[in-house]
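As structure tokens, the structure follows; a few thoughts come after it.
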Amino acid sequence: MKIVIAGAGAVGTHLSKLLSREHQDCVLIDAEEERLEGIGEYDVMTCNALPTSLKALKDAGADKADLFVGVTTEEDTNISACIIAHALGAKKTVARIDNYEYLSQQNQEFFRQLGVDSMVYPEVLAAIDITNGLKMSWVRQRWDVHDGALVLLGIKLREGCEILNQPLKDLCGPDDPYHVVAVKRQGETIIPGGLDTLQLNDLTYFMTTKEYIPYIRKIVGKEHYTDVKNVIIMGGGKTAVRAALAIPDYMNVKIIERDADRCEKLNQLLADNDTMVIHGDGRDLGLLEEEGINATQAFVALTGNAETNILACLTAKKLGVRKTIAMVENLDYVSMAEGLDIGTIINKKTVAASHIYQMMLGADVSNLRSLMLVDSEVAEFVAAEGSRATKKAVRDLGLPFGATIGGLVRDGVGMLVSGNSQIQPGDSVMVFCHEQKLNNIEKFFKKSSFF
């Protein structure tokens, strides 16, 4: 595929990294030359020019692009670049935006007519992750597929876990209600086999169905975790606003913001919401105690500074808060935050890049999620009629090393997959991919006359 990316910021750079692994024909455009200097390690071409320059877009091959992506920090630039690229001949365009109004169905149709096929609002995607994290205080990461027909849960295993030090073949048989698809242990990602065991402090990813979530909670020893009712958010930026609006009504939310003018703006934005806005510093212990940190089950740090968010979460944990969520925009700090046992880590830019990434895959990939902590992706492939995936039992498909099938959805019903399972045309199949090119996986699900 021919892909042109406008914007070499965090989203564009991470997207370039994903695409370079697939050896796609990719060109990255940015007006700031220094932003392009660090791209040399990726297999992408670069172009130092304005993303709205007709000449630059033609030189980059936007007229022949299968996908054009506008992900600069300026919404207007992204939209304009997409409109121009579409007019030149780009087959599909996607723009990063920061105006929630544009996401309404009516406005999306308006922009499609202009030439912007899809829009991505990173703060909205991050808010979904935050909300999912708050709904289940004992889970580090949750991803629902087909409205929860299948659920991926990332859980830190502590003392009291019933399934430690036992071979997975004895725990995850064909009739058991979960599969372990990945383990992060001391900085290493493991795709476990039947003889592997789960160990204390492993970050373990379970694939299960919604009805068995309470069972998973029991066997990992998390039943004593208090459900979240009171939430304190530090930082009143756009992500905080989208999160406050998305958090369930049964939770009480307080936002602590240092800037007085921003507090006034927050009160306007959240006028129809029960969120309480407090002017102050979320790192002030006296203020936290005054606002009831001792009766708070979740602390969410969403300032623009990764170090501040990490330290604030550590402080909250020392004050007894069980669930902490930190926005860590600098990818260099992600492993450190995980090592410090922060809890749930949010990076809205990698979430946005993953959302865009799925658009360039050739098979019918309707969902894709990057799991930062295990440097992997979970992709939802739809098996085409006559595809290789439908011709043999799963154990005989010959999936490449680093890929494992966690489950599938058939006619709206989630099912776990064993070696004896037979994938049928139309099944939505969840594939976990670690250090593996997705185009090596998607060929199993494409229509083919060859076996």
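Residues 841 to 1291 (my numbering) are what the sequence shown spells out, left to right.
Glycine is no exception: its CB is placed at the ideal position from the N, C-alpha and C atoms.
Note that the structure is predicted; figures quoted are calculated from it, not measured.
task = Please name the residue, chosen from Arg1250, Gly1247, Leu1248 and Ala1229, that lies closest to Pro1240 on a Cα-to-Cα basis.
result = Ala1229
request  = Identify which residue in Lys1024, Val1140, Val1161 and Leu1043 has its Cα closest to the Cα of Ala1080.
outcome  = Val1140
ask   = Would Thr913 be called buried (16 or more neighbouring beta carbons within 10 Å of its own) or exposed?
value = exposed
Glu1225 vs Lys1287 beta-carbon contact at 8 Å = yes
inquiry  = Would Ala1233 and Gln1264 be called neighbours here (beta carbons separated by less than 8 Å)?
reply    = no
key: Whole-angstrom distance between Lys1231 and Ala966, CA atom to CA atom   = 38 Å
message = Can you find the residues in the same chain that come closer than 8 Å, C-beta to C-beta, to Arg1123, ignoring five residues on each side of it along the sequence?
response = Met1074, Thr1148, Leu1151, Ala1152 and Thr1155
query = Of the residues Leu1038, Gly1077 and Glu1130, which one's Cα is nearest the Cα of Leu1110?
reply = Gly1077
Contacts around Lys1062, its chain only, beta-carbon distance under 6 Å, and the 5 residues preceding and following it disregarded = Trp978
query = Do the region 1029-1040 and the region 976-994 make contact, defined as three or more Cβ pairs closer than 8 Å?
reply = no
request  = Give the single residue among Tyr1197, Thr933, Arg1025 and Leu1237 whose Cα lies nearest to the Cα of Ala821.
outcome  = The first residue shown for the chain is 841 and the last is 1291, placing residue 821 beyond what the model contains.
task = Would you kindly check if the distance between the Cβ of Cys1103 and the Cβ of Gly1117 is under 8 Å?
result = The residue you asked about is not Gly; residue 1117 is Val in the sequence shown. A contact, by the Cβ cut-off of 8 Å.
task = Please report how far the alpha carbon of Met885 lies from the alpha carbon of Thr1244, in whole angstroms.
result = 32 Å
request  = Below 8 Å on the Cβ atoms is my guess for Leu992 versus Tyr1065; work out the distance and round it to an integer in Å.
outcome  = Going by Cβ atoms, the distance from Leu992 to Tyr1065 rounds to 19 Å, so no, they are not a contact pair.
inquiry  = Let me check understanding here. Comparing Cα to Cα, which of Glu1282, Gly1183, Leu1043 and Ala871 lies closest to Ile995?
reply    = Leu1043
message = Can you tell me where the beta strand (DSSP E) holding Tyr1045 begins and where it ends?
response = Leu1043 to Thr1048
ask   = For Val1249 versus Ala989, is the C-beta distance shorter than 8 Å?
value = yes
query = Mapping DSSP to helix, strand and coil, what is Asp1010?
reply = helix
query = Where does His1064 sit, in a helix, a strand or coil, going by DSSP?
reply = coil
query = Given a threshold of 16 other Cβ atoms within 10 Å of its Cβ, counted over all protein chains shown, does Glu999 qualify as buried or as exposed?
reply = exposed
ask   = For Ser1258, which residues from the same chain have a beta carbon less than 6 Å from its beta carbon, with the 5 sequence-adjacent residues on both sides left out?
value = Pro1014
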